[in-house]
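Participant:
Number of protein chains: 2
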Amino acid sequence: MTSSHLHQTRCQTCSLSSLCLPLSLSLDDVEQFDTIVRRRAPLTRGETLYMQGEAFENVYAVRSGSLKQTIIDTDGEEQITSFYLPGELVGLDSIDSAVHPGFLTALERTTVCEIPFKRLESLSEHLPELRHQLYRCMSREIVDDRRLMRLLSSKSADERLASFFHNLSIRFDRCGHSAERFRLPMSRSDIGTYLGLAIETISRVLGRFQQQELLTIQGRHVEILDMAALKKHAGIIAPCCNERRRA
Amino acid sequence: MTSSHLHQTRCQTCSLSSLCLPLSLSLDDVEQFDTIVRRRAPLTRGETLYMQGEAFENVYAVRSGSLKQTIIDTDGEEQITSFYLPGELVGLDSIDSAVHPGFLTALERTTVCEIPFKRLESLSEHLPELRHQLYRCMSREIVDDRRLMRLLSSKSADERLASFFHNLSIRFDRCGHSAERFRLPMSRSDIGTYLGLAIETISRVLGRFQQQELLTIQGRHVEILDMAALKKHAGIIAPCCNERRRA
DNA sequence: CGACGGTTTGAGTTGCGTCAATTCGTGTGG
DNA sequence: CCACACGAATTGACGCAACTCAAACCGTCG
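Chains A and B, in that order, give the protein sequences.
Final position of the first sequence in the UniProt record's numbering is 247; the numbers increase by one with none missing.
Final position of the second sequence in the UniProt record's numbering is 247; the numbers increase by one with none missing.
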């Protein structure tokens, strides 16, 4: 039956476990961890995992697909603050206020693991590695946000987009896709909102990138032709943060 | 003698303890916590607490004064990613890579408490409240960074500065200063780098704010005359995040 | 008093946003 | 199966907010 099917998958056999919270846990510990994880039915494109203002109960690990976080400001403007790919942890920004600061929406068919935060917290009492991993995840999120801040505060449209694609490439690579060819899960408009650029600017810059033969892009299919040049265009280089992570 | 003087101050008697990590600890627990905290000699204006690339060992709680974090990008450009005021925790972004991502520099005479992270982590094993407080601090830092991202990605110079002053006002208020009158610890140039604006723009906008009688500013002395109007100018309103925090 | 950061003010330039029109792509219904 | 419709993406023309460069001003410290 369906519900048992949903519970079949386990951390022990998950291909993403080397990216996810169980990262540095022993087999025994992973087994303990696995018991508090709930598998959810897949979300379809556009479906929301939670709403802005909703009470915070769980964090989520992305298994497949992708999501975006959208925050609606007091002035009613919509902003995208982050995208989440497989192996990444969603909801860490909700701990402080115990309320979700934004909407979490699936960009495509997406499966996530639901992890009740209270139980995660208690479990972390006896698993120092898990605790450390949690601290690291949150710390990394801060570092990544700071990188985006620097991008937004002083970089040109070209640099922002080059950095964006370079960053995506690294993250797709890490979760088992190709670093050179991938399908964009988000629309141009999403990219624009995220990078603080008008959709028309996105379009123009991508046109330029194709002329310069940095990459090709048709619809949502991207192929990066000259990674080195893309990196150079980016200015702020993501790998300096990302290499270390793997260590 | 001096060194004993430095160790005199204790968390139990610190006026900031209600903002800081010991926030929700019992008296006994605060005492335990206090034993791992090291008081340092004050930093003078311009002195660095740590350098970019240095190994991460400690986090720091600001007791008095203020600091800025500066990151030098691969392209050599200098960016200020955050300011830290009394009661705030510094260094949480260094956990992931175990290396400080930027320089931490005192903006004025500043005292900090040094907290060895390894010992903090072990201590947190037996103090659930401390653990939770740490998670909250990190989560809050993410939320605050996201707010700045939204500011940078789509707000005008006026909105950025209004939001900046409003935010400062709240934070000064929280650590015991006046919300309406305070001394800016940072230069206009620092503000510009932080908000992604040219120093000339800062100057012009502040001129405009004075004409509109939102505030007066001479040198570094600020007086906010019309908090409500300032808030309205800000668009993104900080308090929505900050009110919750106190709950 | 003169020198030197830090700040303000002015004039000219430009990257990107806005508006508007066109094209492309995909799904729908006759 | 084609025609139509609708949203997503592109392209072009134009304006403006903020940047850059340059000069003047200010406070402070030797």
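All C-beta atoms in this analysis are idealised placements derived from N, C-alpha and C, irrespective of residue type, glycine included.
These numbers were taken from a predicted model, which means no experiment stands behind them.
Taking the C-alpha atoms as reference points, what is the distance between L134 of chain A and Y135 of chain B?
Facilitator: 9 Å
Participant: Taking buried to mean at least 16 other C-beta atoms within 10 Å of its own C-beta, is E223 of chain A buried or exposed?
Facilitator: E223 of chain A counts as exposed, since fewer than 16 other C-beta atoms from the protein chains shown sit within 10 angstroms of its C-beta.
Participant: Within the continuous beta strand (DSSP E) that includes L33 of chain A, where are the two ends?
Facilitator: Going by the sequence as given, residue 33 of chain A is Phe instead of Leu. DSSP places F33 of chain A outside any beta strand (DSSP E); the residue lies instead in the alpha helix (DSSP H), whose first and last residues are 27 to 36.
Participant: Name the chain A residues that come within less than 8 Å of R150 of chain B, Cβ to Cβ?
Facilitator: I71, D73, Q79, T81
Participant: Just to confirm the assignment: which complete beta strand (DSSP E) runs, minimum length 3, are found wholly within the UniProt domain "HTH crp-type" (155 to 228) of chain B?
Facilitator: Qualifying beta strand (DSSP E) stretches, in chain order: 181 to 183, 215 to 218, 221 to 224.
Participant: Does DSSP put R63 of chain B in a helix, a strand or coil?
Facilitator: Reduced to three states, the DSSP call for R63 of chain B is strand.
Participant: Indicate the three-state DSSP secondary structure (helix, strand or coil) for R40 of chain A in the structure shown.
Facilitator: Residue state for R40 of chain A is assigned as coil, using DSSP reduced to three classes.
Participant: Which of the three DSSP states is assigned to T2 of chain B in this structure?
Facilitator: Caution applies to T2 of chain B, whose pLDDT of 43 falls short of 50 and renders its modelled position unreliable; the value that the coordinates give is listed next. T2 of chain B falls in the helix class under three-state DSSP.
Participant: How is the beta strand (DSSP E) around F83 of chain B delimited, first residue to last?
Facilitator: 78 to 84
Participant: How would you list, in chain order, the residues of chain B whose beta-carbon sits under 9 Å from the beta-carbon of G235 of chain A?
Facilitator: D73, T74, D75, E77
Participant: Which residue wins for smallest C-alpha separation from T35 of chain B, given the options B:S154, B:S187, B:S64, B:I115?
Facilitator: B:I115
Participant: Can you pull the chain B neighbours of S169 of chain A, defined as C-beta to C-beta under 9 Å?
Facilitator: Going along chain B, no residue has its Cβ under 9 Å from S169 of chain A, so there is no contact; the nearest lies around 17 Å.
Participant: I'd like to know whether the C-beta atoms of T9 of chain B and R39 of chain B end up nearer to each other than 7 Å.
Facilitator: yes
Participant: What is the DSSP secondary structure of F103 of chain B, counted as helix, strand or coil?
Facilitator: strand
Participant: Is the distance from the Cβ of residue 316 of chain A to the Cβ of R160 of chain A below 7 Å?
Facilitator: No answer is possible for residue 316 of chain A: the residues shown for chain A start at 1 and end at 247.
Participant: With respect to the beta strand (DSSP E) encompassing E125 of chain B, which residues constitute its N-terminal and C-terminal limits?
Facilitator: Careful: E125 of chain B lies outside any beta strand (DSSP E), inside the alpha helix (DSSP H) at 117 to 126.
Participant: Reducing DSSP to helix, strand and coil, say where L49 of chain B ends up.
Facilitator: L49 of chain B: strand per DSSP, three-state reduction.
Participant: Are there 16 or more other CB atoms within 10 angstroms of the CB of L27 of chain A, so buried, or fewer, so exposed?
Facilitator: Exposed is the call here.
Participant: Taking 7 Å as the CB-CB cut-off, is D96 of chain B touching chain A?
Facilitator: yes
Participant: With a threshold of 7 Å between beta carbons, is P101 of chain B in contact with chain A?
Facilitator: Yes, its Cβ sits closer than 7 Å to a Cβ of chain A.
Participant: Taking only the alpha-carbon atoms, compute the straight-line gap between S97 of chain A and S189 of chain A and give it to the nearest angstrom.
Facilitator: 29 Å
Participant: Under a Cβ-count criterion, where at least 16 other Cβ atoms within 10 Å of its own Cβ denotes burial, should T193 of chain B be classed as buried or exposed?
Facilitator: buried
Participant: Mind listing the chain A neighbours of G196 of chain B? Cutoff is C-beta to C-beta under 8 Å, in chain order.
Facilitator: In chain order: L152, S153, S154.
Participant: Listing by chain order, which chain B residues have their CB less than 7 Å from the CB of E141 of chain A?
Facilitator: I142
Participant: I want to verify the contact list: residues of chain B whose CB lies under 8 Å from the CB of Y84 of chain A, in sequence order.
Facilitator: Here the premise fails: no neighbours, minimum Cβ distance about 13 Å.
Participant: Give a yes or no on whether 7 Å exceeds the smallest Cβ distance from R136 of chain B to chain A.
Facilitator: yes
Participant: Strictly under 7 Å for the Cβ-Cβ distance: is D93 of chain B near chain A by that measure?
Facilitator: yes
Participant: Three-state secondary structure (DSSP) at I142 of chain B?
Facilitator: In this structure, I142 of chain B counts as helix in the three-state DSSP scheme.
Participant: Note down, in chain order, every chain B residue with its Cβ under 7 Å from the Cβ of P128 of chain A.
Facilitator: E125
Participant: Taking 7 Å as the CB-CB limit, is D34 of chain B close to chain A?
Facilitator: no
Participant: Any idea if R12 of chain A is buried or exposed, counting beta-carbon neighbours within 10 angstroms, 16 or more meaning buried?
Facilitator: Before going further, note that residue 12 of chain A is Gln rather than Arg in the sequence given. Per the 10 Å Cβ criterion, exposed.
Participant: Could you pull the DSSP bridge partners for K68 of chain B from this structure?
Facilitator: B:F83, B:T105
Participant: Have a look at the DSSP bridge pairing and note the partners of A55 of chain B.
Facilitator: B:V99
Participant: Taking 8 Å as the cut-off, does the stretch 155 to 174 of chain B touch the stretch 115 to 127 of chain A (at least 3 CB pairs, one atom from each stretch)?
Facilitator: no
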